[in-house]
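For the sequence shown, full-length UniProt numbering assigns the number 1 to the initial residue and increments by one for each residue that follows.
C-beta: ideal position from N, C-alpha, C; glycine also.
Being a predicted model, the structure only gives us computed values, none of them experimental.
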Amino acid sequence: MTPDIILQRTGIDVRAVEQGDDAWHKLRLGVITASEVHNVIAKPRSGKKWPDMKMSYFHTLLAEVCTGVAPEVNAKHWVGKTVRERRQSPCFEFTSGVNVTGIPDHLSRRKYAHRLLSRWFMQ
Numbered sequence: 001m002t003p004d005i006i007l008q009r010t011g012i013d014v015r016a017v018e019q020g021d022d023a024w025h026k027l028r029l030g031v032i033t034a035s036e037v038h039n040v041i042a043k044p045r046s047g048k049k050w051p052d053m054k055m056s057y058f059h060t061l062l063a064e065v066c067t068g069v070a071p072e073v074n075a076k077h078w079v080g081k082t083v084r085e086r087r088q089s090p091c092f093e094f095t096s097g098v099n100v101t102g103i104p105d106h107l108s109r110r111k112y113a114h115r116l117l118s119r120w121f122m123q
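Have a look at this one:
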């Protein structure tokens, strides 16, 4: 799907989206993420019934599309993911020729600290 088609269908210009902002979260609703792809490719041990994790993940994606709301994220997982992204970004930039930008730490902490803490304590 091209950026122009995405803009036409969602009203969001993916070329101007910053990771972590509201438009970015909206674009991720119902989308299989790399960290969860193992649930999608999981095969049943016997028979043709989907494994519970796979079924649960697809129910989550369906709920995201229907409600327009993503599930709350575990803060520990998010922090670890952020650290891994910072380590992996230079390699990705080098191999793809793309510059990676993100939310500066001082803005990220201020803007998302309350959201992260509330998600963490609600679980």
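Can you tell me whether residue i is buried or exposed? The criterion is at least 16 other CB atoms within 10 Å of its CB, across all chains shown.
i      : result
Asn99  : exposed
Lys111 : Since pLDDT at Lys111 reaches only 48, below the 50 mark, its modelled position is unreliable, and the value read off the structure follows with that caveat. So Lys111 counts as exposed.
Considering only residues of the same chain and omitting the five flanking positions on each side of residue i, which have a CB-CB separation below 7 Å?
i     : result
Leu29 : Glu64, Val65, Gly68, Ala70
His25 : Ala70
Lys54 : Asn39, Val40, Ala42
Thr95 : none
With distances taken from CA atoms, which of the options is nearest residue i?
i     : options                    : result
Val31 : Leu62, Pro51, Gln8, Thr2   : Leu62
Gly11 : Ser35, Leu27, Arg84, Lys54 : Leu27
Gly20 : Lys48, Ser46, Glu85        : Glu85
Please list the terminal residues of the continuous alpha helix (DSSP H) segment that includes residue i.
i           : result
residue 133 : The requested residue 133 does not occur in the structure, where the chain is confined to residues 1 to 123.
Glu64       : 52–67
Thr10       : 3–10
Val37       : 37–40
For residue i, which residues from the same chain have a beta carbon less than 8 Å from its beta carbon, with the 5 sequence-adjacent residues on both sides left out?
i     : result
Val14 : Pro3, Ile6, Leu7, Leu27
Lys43 : Pro51
Glu93 : Asn99, Val100
Counting only beta-carbon atoms, is residue i nearer than 7 Å to chain D?
i    : result
Arg9 : This model lacks chain D altogether; it includes just one protein chain.
Inspect the CB distances between the stretch 30–41 and the stretch 52–61 and report whether three or more fall short of 8 Å.
-> yes
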